[in-house]
Amino acid sequence: MTVEVVFYHLLHKPLELALPELLQKCLDRDWKVVVQTGSQERCNALDAHLWTYRDDSFLPHGTKADGYAEQQPIYLTNEQDNPNAADVRFLVDRAAPPALNDYKRAIYMFDGNDQSAVEEARGRWKEAKADGFQIAYWQQTEAGGWERKA
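Under the working numbering, read the sequence shown as residues 1 to 150, first letter to last.
Right under this line is the structure:
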């Protein structure tokens, strides 16, 4: 199985608005997801946010503190674990990736307004290409949608 590594370049909408839409698409495909953050504080903030990001909806998810990790459709962590046997791994806030070979898709979301994050994403791109992964790059449009650039 070839892993698809996808880069999402955030420019106009912050992670808190863009991430839930992509997570919902994964759930619509019956994919389990791990979201790896760069810090425990960010993990906690996303945990709270995903319960309330819309007035009429929430995304079912959990963290280590909730227990039952293997039953979580979306698992939030700041570690390199995969306790829910996820199909997709999101890497946000410049989280250091684990080995990606066990996933269908790995998704890097990075802030295009942070030059060091852009440089790091370029490095991750080169690594993924050297590892023989399929690679895609999507840039956020002004309306908050996505345009495939590569």
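We put the CB at the ideal spot given by N, CA and C, even for glycine.
For clarity, every value in this text was computed on a predicted model and none was experimentally measured.
Member of the options whose CA lies at the smallest distance from the CA of residue i
i, options, result
"residue 44", "57, 134 and 66", "66"
"residue 136", "122, 63 and 92", "122"
"residue 96", "35, 2, 23 and 8", "35"
"residue 99", "128, 77 and 119", "128"
"residue 109", "73, 58, 140 and 80", "140"
Extent of the continuous beta strand (DSSP E) to which residue i belongs
i, result
"residue 9", "4–10"
First through last residue of the alpha helix (DSSP H) which encompasses residue i
i, result
"residue 92", "First-last for residue 92: undefined, no H or E at that position."
"residue 45", "40–52"
"residue 27", "15–28"
For residue i, the residue or residues it bridges with in DSSP
i, result
"residue 111", "10"
"residue 136", "6"
"residue 146", "140"
"residue 86", "Bridge partners of residue 86: none, in fact."
"residue 105", "4 and 88"
"residue 37", "Bridge partners of residue 37: none, in fact."
Exercise. Decide if the region 23–34 is in contact with the region 80–100; the criterion is three or more beta carbon pairs, one per stretch, under 8 Å apart.
Key: With the cut-off at 8 Å, the region 23–34 and the region 80–100 touch.
Practice problem: Decide yes or no for the touch test of the region 45–57 against the region 11–26: beta carbon pairs closer than 8 Å, at least 3 of them. | Solution: Judged by Cβ distances under 8 Å, the region 45–57 makes contact with the region 11–26, as three or more pairs qualify.
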